[in-house]
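Colleague:
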Amino acid sequence: MKRLIIYILLFFAAVAISPILIGEKGYVLVAMGDYTFESTVVAGSIMLLVIFIALLFSLKVLRGSLNLGFGTWHKITFAGRRRAQRNFNKGIASYILEDYQQAEHLLAKSAELSPCTNTAYLLAASSAEKQHLSSNIQHYLNLIIDYKTSIKDLGLDSVLVRIKLLMAQKKYTGARALIDEYHKHIGHDVRLLALEIDLCLIEQRYPSVIELLNSARKQKALSETQIITWEDQAFYQQFSAVIKAKDQNALASEWQSLPRKVKQRESVLFAYCQVLAQNNIVEPLNDILLAPLKKEASEAFLHRVRTLPLQKPDALIAVVQKHLHKNQHSAKWLSSLGHLAAAGQQWQMAEKAFSSLTNLDGEQYDQTDLTAFAQALSAQGNLLAANQLYVKILSK
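For our numbering, add 1 to where a residue sits in the sequence shown, where the first one is 1.
1. In chain order, what residues of the same chain have a beta carbon less than 8 Å from the beta carbon of T359, not counting five sequence neighbours either side?
2. Ignore the nearest five residues each way along the sequence and tell me which others in N388's own chain have a CB closer than 7 Å to its CB.
3. Quick check: the Cα distance between G175 and L166, rounded to an integer number of angstroms?
4. To the nearest angstrom, how far is it from the Cα of S398 to the Cα of R261?
5. Can you find the residues in the same chain that come closer than 8 Å, C-beta to C-beta, to S356, ignoring five residues on each side of it along the sequence?
6. Name the residue from A121, Q205, P310 whose alpha carbon lies nearest to the alpha carbon of H340.
7. I need the DSSP call for A298, collapsed to helix, strand or coil.
8. Name the two residues that bound the continuous alpha helix (DSSP H) containing Y237.
9. Helix, strand or coil for Y96 per DSSP?
10. When burial is assigned at 16 or more other CB atoms within 10 Å of the CB, is L385 buried or exposed?
11. Determine, using beta carbons only, whether Y96 and Q132 come nearer to each other than 8 Å.
12. Just the Cα atoms here: how many angstroms apart are K323 and L361?
13. Please classify N281 as buried or exposed, where buried requires at least 16 other C-beta atoms within 10 Å of its C-beta.
14. Give every residue of the same chain whose Cβ lies closer than 7 Å to the Cβ of K353, excluding the five residues on either side of it in the sequence, and list them in chain order.
15. Between K110, S379, P116, which has its C-alpha nearest A126's C-alpha?
16. Could you check the C-alpha separation between Q234 and L214 for me, to the nearest Å?
17. Quick check on the burial criterion: 16 or more other C-beta atoms within 10 angstroms. Buried or exposed for S299?
18. Taking all protein chains shown into account, decide if S128 is buried (16 or more other Cβ within 10 angstroms of its Cβ) or exposed.
19. Could you tell me whether the Cβ atoms of L286 and C274 are closer together than 8 Å?
20. Quick check on the DSSP output: the alpha helix (DSSP H) that includes Q249 runs from which residue to which?
21. Using a Cβ-based criterion (distance less than 7 Å to any ligand heavy atom), does Q349 qualify as near the ligand PLP?
22. For the candidate residues G188, S135, F89, whose alpha-carbon lies nearest to that of S115?
23. Considering Cα atoms alone, identify which of A316, Y183, R84, R307 is closest to A292.
24. Starting from Q102, trace the alpha helix (DSSP H) in both directions and tell me its first and last residue.
25. In terms of residues, what are the limits of the alpha helix (DSSP H) holding T369?
26. What residues in its chain sit with their C-beta under 6 Å from that of L69, if we drop five residues either side in the sequence?
27. Apart from the five residues just before and just after Y122, which ones in its own chain have a Cβ nearer than 6 Å to its Cβ?
28. Are the beta-carbon atoms of I180 and E197 separated by less than 8 Å?
Here's what the structure looks like:
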């Protein structure tokens, strides 16, 4: 508005001064074809100025109209995105409330226009997985693959979710392709390392698992229980594969090739013992078990011994009996003797050991002891007493 006033003042000043500056009015002649326009300089200047002011005013009005038009257009254009964001938020809430059917519907509906497209599809796939809808899971994962986004933008978490979903569907080839693509992150992300170990076990790549376990033991985020579970499975399967493919000597060489520190781990040792016992390789098995048994073996060690499918445990029984001669009321040695005798089908010895165990003050036995006791009684034809023990086991 201030500019308009200034322009008007300048115009009137020019009109007032121009007759003084020039001695004559002068004229302007404009010819366009057969049409001519003639005017004085002053009148022409006034007309041009009026036209200029009119143009300024028109532009002012037009700009306001454009602002109004752009605002309306913005609302119309981005209405879909706002609706997608609402659906995304509702889908997240439904997922938290475990309404997976509604969560899948809302998240899939919002994904295309949501700023979190990848996350929406991942959560939709997870919702489908909770409903055991395999075809839907694969559909959403395919959409994620088509939606190319850098890992720098999404982070590794989205990749981990995709791998887990693929493994849950037993799509191991797809999971392997993803892990290999982001393999360099295994040394930096313990979650990817865990998935790699799980997948290698499924793929029966046991030497790779054994190698990866060295890295796993350095990770504080992984529990000792988890690592022992992996070790049990990997070493047992590796030892079994060696003896199936080759022979007993190859198995012994495989065992001897392990570092001493590794062989001292109970999970590794009992994996080896398990294979020896299953293949009735008695002497090497006794060589491994006798040394700890001669010492004050822990209850945990004895509990693992009783899980072995021993067929000729006579040498082990003799060592346990020596411990009982020193302390005939030792619960752990009575339990060990009962299980070893039952493994060797020495039913009377097993019955006597378990009977002594169950007569100790307090309940110093567990259900495994009672089950083996019942088997010993049943093997000798004492079915009534065996049934009473089974009822006792079921009632606990």
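Glycine included, each C-beta is placed from N, C-alpha and C at the ideal position.
All values reported here derive from a predicted model rather than from experimental measurement.
Modeller: This is what the structure holds:
1. The residues are Y366, D370, L371, F374.
2. Around N388: no qualifying Cβ.
3. Taking the straight line from one Cα to the other gives about 10 Å.
4. The structure shown does not extend to residue 398, since the chain is modelled only from 2 through 397, so no value can be given for it.
5. Taking C-beta separations shorter than 8 Å and ignoring five residues to either side along the sequence, the partners of S356 in its chain run F374, following chain order.
6. Residue P310 is the option with its Cα nearest to H340.
7. Coil.
8. Here the alpha helix (DSSP H) through Y237 covers 225 to 246.
9. In the three-state DSSP reduction, Y96 falls in the helix class (H, G or I).
10. Label assigned to L385: exposed.
11. If you check the CB distance, Y96 and Q132 do not come in under 8 Å.
12. Using only the alpha carbons, I get a separation of about 19 Å.
13. The C-beta of N281 has fewer than 16 other C-beta atoms within 10 Å across all chains shown, which makes the residue exposed.
14. In its own chain, leaving out the 5 sequence neighbours on each side, no residue places its CB closer than 7 Å to the CB of K353.
15. Checking every option, the nearest Cα to that of A126 belongs to K110.
16. Cα-Cα distance, rounded: 12 Å.
17. Burial state of S299 is exposed, judged by a 10 Å Cβ sphere holding fewer than 16 other Cβ atoms.
18. S128 counts as buried, since at least 16 other C-beta atoms from the protein chains shown sit within 10 angstroms of its C-beta.
19. Contact: yes.
20. Per DSSP, the unbroken alpha helix (DSSP H) holding Q249 starts and ends at 249 to 257.
21. Summarising the ligand content, the structure contains no ligands, and the ligand PLP is consequently not present.
22. Residue nearest to S115 within the set G188, S135, F89 is F89 (criterion: CA-CA distance).
23. With distances taken between Cα atoms, A292 lies closest to A316.
24. Counting along the chain, the unbroken alpha helix (DSSP H) around Q102 starts and ends at 101 to 112.
25. In this chain, the alpha helix (DSSP H) harbouring T369 covers 368 to 380.
26. Here L69 scores only 46 on pLDDT, less than 50, and its place in the model should not be relied on; the value that follows carries that caveat. Nothing meets the Cβ criterion.
27. Only A112, Y141, L144, I145 meet the Cβ criterion.
28. Yes. Within cutoff.
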